[in-house]
Amino acid sequence: MSRELILFLIVIVGIICVTPNCSVAGSEICVDLYTQYLSPWGGQGPHMASDAFPPDGVVVLKTNVTFQGDGVPDKLVYYTIEAPNGEAYSATDFTQADGIAVFEYLPPSSQDNFGQWTVKADVDLAGTIVSDTLYFLMGWLVEVVEVDALPVAYRSETMSVNVTLTRICMQDPRDIMNMLLKGSSGIPITDNDLLLYVTVTDQLSQFVGTSALDSSMITELGVYDLNEFVGAIGDRWIDHMHVILARYSKLANLISNGIAISPLSFCGKATIHANLITDFPGVPYCPEGLGYIWIRARDLNKNSRANILDISVVAKAYGTEPGDPNWNPMADMDDNGIIDIRDIAKVAKDYGKTV
13 MSRELILFLI VIVGIICVTP NCSVAGSEIC VDLYTQYLSP WGGQGPHMAS
63 DAFPPDGVVV LKTNVTFQGD GVPDKLVYYT IEAPNGEAYS ATDFTQADGI
113 AVFEYLPPSS QDNFGQWTVK ADVDLAGTIV SDTLYFLMGW LVEVVEVDAL
163 PVAYRSETMS VNVTLTRICM QDPRDIMNML LKGSSGIPIT DNDLLLYVTV
213 TDQLSQFVGT SALDSSMITE LGVYDLNEFV GAIGDRWIDH MHVILARYSK
263 LANLISNGIA ISPLSFCGKA TIHANLITDF PGVPYCPEGL GYIWIRARDL
313 NKNSRANILD ISVVAKAYGT EPGDPNWNPM ADMDDNGIID IRDIAKVAKD
363 YGKTV
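Following the working numbering from start to finish, the sequence shown increments by one per residue and tops out at 367.
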């Protein structure tokens, strides 16, 4: 054998020995790093992505070290864990009798740690370095993107509210919460739901309307490549909700519901609060989403009938704008900042009715 051929073989073997999941001299030495999620959501396989984790969700890293298909016990696994904000952490753990090392950690739950996490596992087996890399997203599994309603709602009437949701997980979020949530006794909390509670508060912050809806339309999805999705969302985390709406529309949902506004509500600016929780009472999936409307009264003089007295209320403020002496926000029926013929028409439309 020539000297050049020997050098060539040495170089080839050296390259193989630092390649993840490599084969050396016909003997397979493999490392597979994944999370506690079942396949295909745990990142099983070389350089794969795992499904997402919520804040305060414990990540269980499993590293399977094999030689010729058999588990290698008592091998030290070195972990390098990189957070989205650039901070790096390290840890070590030994493989168990089955050749699998199990390491648990709780990522910092502050929102500057939301985004793509990268974990690398390295093992030295008889002088051969074998590795695997894992990627996953951490953040709110489901988020309220938008709370939308017509700008004006009326006392004693039902208003329609549209809530847009996005998610960063392929699995059903309820299944993830079933796996990760534990009670004070350490026992997993199962049978979690995904409930959308929408509440309206008036200008004095009193509750004037509420509704609850089971958001059961969110299910497990397999239509998108998890690796591609994690990489794309990790790169655009700052506006990930808009990326999901534009490129991964099956991970978005629009929910519509009606809410009856109390006849005792005060007119003025009102707030719509949309909350996603696991149960009632339960754990929130994300911070609440907010929307804003104006509550108006068709019966401006509060005598339970729309009549000439209500028209006179509008007429008295006719032509005024905010800041004018006779300005009356209750008379601005269409909330356009001026009292005009359209406001009178809205009151006249209900003339003679009990409201």
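Think of the CB as a built atom: it goes at the ideal place given N, C-alpha and C, for glycine as much as any other residue.
From the DSSP output, which residues share a beta bridge with residue i?
{"i": "K194", "result": "P200"}
{"i": "E94", "result": "A100, T130"}
{"i": "G221", "result": "V212"}
{"i": "S172", "result": "G270"}
{"i": "W306", "result": "V164, K281"}
{"i": "F115", "result": "L73"}
{"i": "C42", "result": "T78"}
{"i": "R179", "result": "V154"}
{"i": "P296", "result": "I289"}
{"i": "N265", "result": "L177"}
{"i": "L137", "result": "T140"}
{"i": "F148", "result": "W129"}
{"i": "A61", "result": "Y147"}
{"i": "G83", "result": "T78"}
{"i": "G301", "result": "A286"}
Between residue i and residue j, what straight-line distance do the alpha-carbon atoms span, to the nearest angstrom?
{"i": "L153", "j": "D63", "result": "10 Å"}
{"i": "Q215", "j": "D344", "result": "16 Å"}
{"i": "G349", "j": "N239", "result": "50 Å"}
{"i": "D247", "j": "F148", "result": "12 Å"}
{"i": "L233", "j": "L257", "result": "15 Å"}
{"i": "A357", "j": "G243", "result": "55 Å"}
{"i": "D110", "j": "Y46", "result": "15 Å"}
{"i": "V159", "j": "E333", "result": "28 Å"}
{"i": "T178", "j": "E155", "result": "5 Å"}
{"i": "I180", "j": "I351", "result": "46 Å"}
{"i": "V255", "j": "G139", "result": "44 Å"}
{"i": "P32", "j": "Q183", "result": "With a pLDDT of 48 at P32, under the threshold of 50, the modelled position of this residue cannot be trusted; read the value that follows with caution. Rounded to the nearest angstrom, the two C-alpha atoms are 28 Å apart."}
{"i": "M171", "j": "A165", "result": "6 Å"}
{"i": "P58", "j": "N76", "result": "11 Å"}
{"i": "S35", "j": "V175", "result": "Its pLDDT being 41, under 50, S35 is placed unreliably in this model, and the value from its coordinates should be taken loosely. Looking at the two C-alpha atoms, the distance is approximately 52 Å."}
{"i": "N287", "j": "I141", "result": "48 Å"}
{"i": "L302", "j": "M342", "result": "23 Å"}
{"i": "D226", "j": "L266", "result": "13 Å"}
{"i": "F12", "j": "H252", "result": "For the chain, the structure presents residues 13 to 367; residue 12 sits outside this window and is missing."}
Would you call residue i buried or exposed, if buried means 16 or more other Cβ atoms sit within 10 Å of its Cβ?
{"i": "V359", "result": "buried"}
{"i": "K74", "result": "buried"}
{"i": "D237", "result": "exposed"}
{"i": "T107", "result": "buried"}
{"i": "F292", "result": "exposed"}
{"i": "V235", "result": "exposed"}
{"i": "D336", "result": "exposed"}
{"i": "V25", "result": "Residue confidence for V25 is low, a pLDDT of 42 falling below 50, so the modelled location carries little weight and cannot support an answer."}
{"i": "S277", "result": "buried"}
{"i": "V23", "result": "At V23, the pLDDT of 40 sits below 50, so the modelled position is not reliable; the number obtained from the coordinates is stated separately. With fewer than 16 Cβ atoms within 10 Å of its Cβ, V23 is classed as exposed."}
{"i": "V70", "result": "exposed"}
{"i": "T78", "result": "buried"}
{"i": "K262", "result": "exposed"}
{"i": "F65", "result": "buried"}
{"i": "G198", "result": "exposed"}
{"i": "I289", "result": "buried"}
{"i": "I250", "result": "exposed"}
{"i": "K328", "result": "exposed"}
{"i": "S121", "result": "exposed"}
{"i": "I353", "result": "exposed"}
{"i": "G331", "result": "exposed"}
{"i": "L50", "result": "exposed"}
What residue from the options has the CA that sits closest to residue i's CA?
{"i": "C102", "options": "D124, V131, N125", "result": "Looking at the sequence itself, residue 102 is Ser, so the reference to Cys does not match. Among D124, V131, N125, the Cα nearest to that of S102 is on V131."}
{"i": "P96", "options": "Q123, V210, P341", "result": "Q123"}
{"i": "L146", "options": "D136, G69, Q128", "result": "Q128"}
{"i": "V135", "options": "S261, Y91, W339", "result": "Y91"}
{"i": "Y209", "options": "L276, R259, I305, I284", "result": "I284"}
{"i": "S217", "options": "R259, Y304, M191", "result": "Y304"}
{"i": "G98", "options": "V71, F126, V89", "result": "F126"}
{"i": "P67", "options": "G83, A109, P119, Q48", "result": "P119"}
{"i": "W306", "options": "A109, M60, L162, R179", "result": "L162"}
{"i": "E94", "options": "V77, D105, Y117, D82", "result": "Y117"}
{"i": "E169", "options": "D347, T222, G331, D82", "result": "T222"}
{"i": "Q80", "options": "N174, G54, L137", "result": "L137"}
{"i": "V212", "options": "R167, M191, W249, Q183", "result": "R167"}
{"i": "R308", "options": "N340, P52, G54", "result": "N340"}
{"i": "G151", "options": "N338, I353, C298, F241", "result": "C298"}
{"i": "G195", "options": "Y260, D226, V173, V295", "result": "V295"}
{"i": "Y260", "options": "F241, Q48, I267", "result": "F241"}
{"i": "R310", "options": "M60, C279, N265, A113", "result": "C279"}
{"i": "S324", "options": "D355, L192, A61", "result": "D355"}
{"i": "D105", "options": "S51, A133, G54", "result": "A133"}
{"i": "V9", "options": "F219, E300, G331", "result": "It is not possible to answer for residue 9, since the shown part of the chain is limited to 13 through 367."}
{"i": "I112", "options": "L193, I320, Q48", "result": "Q48"}
Cβ of residue i versus every heavy atom of the ligand SAH: is any distance shorter than 8 Å?
{"i": "T92", "result": "Among the components of this structure there are no ligands whatsoever, and the ligand SAH is therefore not found."}
(request) Would you check if the stretch 181-190 and the stretch 202-218 touch, i.e. whether three or more CB-CB distances between them fall below 8 Å? (result) Yes, the stretch 202-218 is in contact with the stretch 181-190.
(message) Would you call the stretch 258-274 in contact with the stretch 39-48, where contact means no fewer than 3 C-beta pairs closer than 8 Å?
(response) no
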